[in-house]
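> The structure under discussion is supplied below as structure tokens; questions concerning it will follow.
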Amino acid sequence: MTYSAVFKEHLAHPHNAGELPGATVVVEETNPVCGDRLRLYLLVEDDQIETAKYLAYGCPPTLVCGSVLTDLVRGKKIQEALAITKDVLIAAAGGLPGRKHHSAALALETLRSALTQLGTSTEEKSLNLT
Numbered sequence: 033m034t035y036s037a038v039f040k041e042h043l044a045h046p047h048n049a050g051e052l053p054g055a056t057v058v059v060e061e062t063n064p065v066c067g068d069r070l071r072l073y074l075l076v077e078d079d080q081i082e083t084a085k086y087l088a089y090g091c092p093p094t095l096v097c098g099s100v101l102t103d104l105v106r107g108k109k110i111q112e113a114l115a116i117t118k119d120v121l122i123a124a125a126g127g128l129p130g131r132k133h134h135s136a137a138l139a140l141e142t143l144r145s146a147l148t149q150l151g152t153s154t155e156e157k158s159l160n161l162t
């Protein structure tokens, strides 16, 4: 699979990369198989994600999924962010080869951990990681 123009743009010019001083929550998750890591910073006010930033360590799809995820969640209510599926994230990234879908799963798992840490229940609106 050749990566799309959207993927290449996020890889060359990542959106929202870096730390976020004053973040409401900061979480980091690691893929136990490949070792990729994603740290997510969220600034949440009144049940809305005002700002999102990330740091990623790993393969290019993990970097791109961090960039795309932060674009998708900025300005969203928490319940709207919980509705983001792996398929939505992969489509927004311009597609990923099947062997790289773990990058989208890692990004969504990191988001779920961040929202859980905020005290948000993910039981009713669980993320689709499969």
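According to the numbering used here, the sequence shown is numbered sequentially starting from 33. Idealized CB from N, CA, C, for every residue including glycine.
For Gly130, count neighbouring C-beta atoms within 10 Å of its own C-beta (all shown protein chains included) and say buried if the count is 16 or more, exposed if not.
exposed
> Between Gly90 and the rest of its own chain, which residues show a CB-CB distance below 6 Å, the 5 nearest in sequence each way excluded?
Asp68
> Since Leu75 and Ala139 are thought to touch, with beta carbons under 8 Å apart, how far apart are those beta carbons, to the nearest angstrom?
Wrong, their Cβ atoms sit about 18 Å apart, outside the cutoff.
> Tell me, please, whether the segment 45-52 touches the segment 97-104 by the rule of three or more beta-carbon pairs shorter than 8 Å.
yes
> Report the rounded CA-to-CA distance for Val96 versus Lys40, giving the unit in angstroms.
Rounded to whole angstroms, the gap between the alpha carbons of Val96 and Lys40 is 8 Å.
> Within a Cβ cutoff of 7 Å, which residues of the same chain sit near Thr94, ignoring the five residues on either side of it in sequence?
Excluding five sequence positions before and after Thr94, the CB atoms of its chain that fall closer than 7 Å to its own CB belong to Asp68, Leu70, Ala88, Ser135 and Leu138, given in chain order.
> Between the alpha carbons of Glu82 and Cys66, how many angstroms are there, rounded?
When only Cα atoms are considered, Glu82 and Cys66 end up about 31 Å apart.
> Bridge partners for Glu61 per DSSP, in chain order?
Leu70
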